[in-house]
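Asks: Supplied in structure tokens, the structure appears directly below.
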Amino acid sequence: MRQLNKIWLLIVVGFIFSGCVSAPGIKQFNSTKYTIAGKRIEIAALWHIQPDCENFGLPIIQVISAPKNGKVDLGTKRIFPSDTAYKRCRSTKVNGPVAYYTANSGFKGTDTIKLRFAYSDGVLEEKTLTIIVK
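If you count the sequence shown from 1, you need to add 54 to reach the numbering used here.
Structure (structure tokens):
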């Protein structure tokens, strides 16, 4: 039964990600980051943990709108869940997906990226990042 739930979740998440248009009920937020051309910066790091500090499924990061003057790389790494409600877990590293941005060499100006985050409990969020490259 547990496997069936995982498969169903993957189907639902795939269906949700199949469109690139924001849907009602998806939490939207914005942020601004500063960097210099050619430097790789972290633009998102996610975790989803349980009260025992173990992962509650690995969140998914999807690029909805790619930058015009740089690139986004996705990966995973060990992360301290710094703002979790489970205070004792803040000093325990967990696996989580991360996104990095690198501005094209020689570029100066503003770039924009839109990311979608999907969590194993069905929560979806979208983040629009404004990157100011100096």
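Glycine is no exception: its CB is placed at the ideal position from the N, C-alpha and C atoms.
1) Name the two residues that bound the continuous beta strand (DSSP E) containing A99.
2) Excluding sequence positions up to five away, which residues of its chain have a Cβ less than 6 Å from the Cβ of W101?
3) So, helix, strand or coil for S145, using DSSP?
4) Assign I115 to one of two classes, buried (16 or more other C-beta atoms within 10 Å of its C-beta) or exposed (fewer than that).
5) Does F171 come out as helix, strand or coil in the three-state DSSP assignment?
6) Quick one, which of G79, P105, D137 and K168 has its alpha-carbon nearest K181's?
7) Note down, in chain order, each residue of its chain lying with its Cβ closer than 6 Å to the Cβ of P121, except the 5 sequence neighbours on either side.
8) Applying the 10 Å Cβ sphere with the 16-neighbour rule, what's the burial state of P113?
9) Quick one, which of K81, R142 and K125 has its alpha-carbon nearest I95's?
10) Give the C-beta separation of L183 and I97 to the nearest angstrom, bearing in mind that I take them to be a contact with Cβ-Cβ under 8 Å.
11) Is K181 helix, strand or coil by DSSP?
Replies: Put simply:
1) Along the sequence shown, read from residue 1 onward, the residue named residue 99 stands at position 45. R94 to A99 is the span of the beta strand (DSSP E), which, as asked, contains A99.
2) In the sequence shown, residue 101 corresponds to position 47, counting from 1. Around W101: I133, P135, V148 and G150.
3) As a first step, residue 145 is located in the sequence shown; it is residue number 91 there, counting from the start. Correct three-state label for S145: helix.
4) The count along the sequence shown starts at 1 and reaches residue 115 at position 61. By the 10 Å Cβ count, I115 comes out buried.
5) Translated into the one-based positions of the sequence shown, residue 171 becomes position 117. Strand at F171.
6) Sequence index remark: in the sequence shown, residue 181 carries index 127 (1-based). The option with the nearest alpha carbon to K181 is K168.
7) For this step, residue 121 is matched to residue 67 along the sequence shown. The beta carbon of P121 is closer than 6 Å to those of D165 and I167 in its chain, skipping five residues each way along the sequence.
8) Translated into positions along the sequence shown, residue 113 becomes position 59. Per the 10 Å Cβ criterion, buried.
9) Stepping through the sequence shown from its first residue, residue 95 is reached at position 41. Nearest option by C-alpha distance: K125.
10) Here residue 183 refers to the residue found at position 129 when the sequence shown is read from its first residue. Here residue 97 refers to the residue found at position 43 when the sequence shown is read from its first residue. Correct: roughly 6 Å between the Cβ atoms.
11) Working through the sequence shown from its first residue, we reach residue 181 at position 127. Correct three-state label for K181: strand.
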